[in-house]
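Working notes, beginning with the structure itself.
Residue numbers (UniProt numbering): 1 to 151.
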């Protein structure tokens, strides 16, 4: 597998992210969906990676800078048919290394609070993330679960 920086211009990643947004809206009330669309990911403060197994896109994730030392994980997704293949762990390890190289000292995230997101929460806990309150731009939301860790 390889992890590559992605400029978000290709049709394959556009379709992959559209599927992500569609899934989030199907399982979460619209006002509680914080996944970013392509335009909001194509900003200077976002670094985006895609994961390929051969020529197949199997995952993606991004880091969005909040300030000089704090950033947020955005758009973590594994292709549904490849979940539990270790792709998310591989990508999260890469993103933590990249965040450290960028000078980021704290990495936070928002994920769902429902059962659907239980495996994601367990993954983040395995990597040292702990529950926290809402951070930059978020407010209390019963459908959201906030996590953070120092790097």
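From the three backbone atoms N, C-alpha and C, an ideal C-beta is built for every residue, glycine too.
Residues near residue i in its chain [Cβ-Cβ closer than 8 Å; skip 5 each side]
{"i": "residue 132", "result": "108, 146, 147, 148"}
{"i": "residue 123", "result": "88, 89, 92"}
{"i": "residue 1", "result": "51, 52, 53, 58, 87, 90"}
Segment limits, alpha helix (DSSP H) that includes residue i
{"i": "residue 96", "result": "87-101"}
{"i": "residue 118", "result": "118-126"}
{"i": "residue 27", "result": "11-27"}
{"i": "residue 40", "result": "38-41"}
Residue closest to residue i, alpha-carbon to alpha-carbon, out of the options
{"i": "residue 105", "options": "96, 111, 112", "result": "96"}
{"i": "residue 62", "options": "94, 80, 79", "result": "94"}
{"i": "residue 58", "options": "138, 13, 102, 47", "result": "13"}
{"i": "residue 99", "options": "125, 67, 117", "result": "67"}
{"i": "residue 10", "options": "42, 28, 26, 112", "result": "42"}
{"i": "residue 40", "options": "8, 120, 30, 110", "result": "8"}
{"i": "residue 69", "options": "48, 110, 102", "result": "102"}
{"i": "residue 128", "options": "113, 110, 138, 150", "result": "150"}
Collapsed DSSP secondary structure at residue i in the structure displayed
{"i": "residue 113", "result": "coil"}
{"i": "residue 3", "result": "strand"}
{"i": "residue 53", "result": "strand"}
{"i": "residue 84", "result": "coil"}
{"i": "residue 45", "result": "coil"}
Same chain only: Cβ atoms within 7 Å of residue i, ignoring 5 sequence neighbours per side
{"i": "residue 24", "result": "33, 35"}
Same chain, Cβ closer than 6 Å to residue i, neighbours up to 5 away in sequence not counted
{"i": "residue 76", "result": "61"}
{"i": "residue 16", "result": "57"}
Residue i, enclosing beta strand (DSSP E) - first and last residue
{"i": "residue 146", "result": "144-150"}
{"i": "residue 131", "result": "130-132"}
{"i": "residue 73", "result": "70-78"}
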